[in-house]
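Asks: FYI, the numbering for the sequence shown is -9 to 120, going by the working numbering.
Idealized CB from N, CA, C, for every residue including glycine.
Just dropping this structure here.
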Amino acid sequence: MGQKPLQVGRKEKVIGKHVYGNLYECDINAISNEEYLKETVINAAKIAKMHLIDVHSWSFEGPKGGISVIALISESHISIHSWKEYNYASVDVYTCGYKSKPLKAFKYIVERLKPKKYSIHKVKRIGYRL
């Protein structure tokens, strides 16, 4: 009702870059260590020329436990969520603007968590000027 599909044209502008993925068969010690994951997110922000505002983490105990780390950056956010029972982590890096390098942040996180395999997705977030 009144909604139209977006018509791609010259009025569009990239307003954000989103890099996210799944990390499989990670180093279990890395994804089980809350301080290590916090340090990883902080350093990923620095390497990618992002401006860190705050970092929070939560640990979920037990054999099925995991850790979530979320960094608020002035450009948007970085997050890691780990599941020990699956030896798995999901990573999300989203930035606005042109100076930050979310792919660099993602690759740094992959290096630190040492997955045997991973998937990566890259999306340009588009703004449409009326």
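Could you name the residues of the same chain whose beta carbon sits closer than 7 Å to that of E15, not counting the 5 residues immediately before and after it, in chain order?
Replies: Contacts found: N77, P105, K106 and K107.
Asks: Which whole-angstrom value is the C-beta distance of H111 and G11, which I expect to be below 8 Å?
Replies: H111 to G11, Cβ: 6 Å. Contact.
Asks: State the start and end residues of the unbroken beta strand (DSSP E) segment that holds A61.
Replies: Here the beta strand (DSSP E) through A61 covers G56 to I63.
Asks: Using three-state DSSP, classify A79 as helix, strand or coil.
Replies: Note: A79 maps to strand in three-state DSSP.
Asks: State the CB to CB distance for the pair L103 and A34, rounded to an integer number of angstroms; the pair is presumed to be in contact (CB under 8 Å).
Replies: No, L103 and A34 are not in contact; Cβ-Cβ is about 11 Å, not under 8 Å.
Asks: Using CA atoms only, rank isn't needed, just tell me which of E29, Y88 and S72 is closest to P53.
Replies: When each option's Cα is compared against that of P53, the closest is S72.
Asks: Are I63 and V81 close, meaning C-beta to C-beta below 8 Å?
Replies: Cβ atoms of I63 and V81: not closer than 8 Å.
Asks: If we ignore side chains and look at the alpha-carbon of each, how far apart do F96 and I60 end up?
Replies: Straight-line Cα distance between these residues: approximately 14 Å.
Asks: Taking Cβ positions, are V9 and I116 nearer each other than 8 Å?
Replies: No. Outside cutoff.
Asks: Checking 8 Å against the spacing of the C-beta atoms, do H41 and E75 come in under that value?
Replies: Their beta carbons are not under 8 Å apart, which means H41 does not touch E75 by this criterion.
Asks: Are A38 and K114 closer than 8 Å when you measure CB to CB?
Replies: No.
Asks: Of the choices T85, I43 and E29, whose alpha-carbon is the least far from that of S58?
Replies: For the residues T85, I43 and E29, the minimum Cα distance to S58 belongs to E29.
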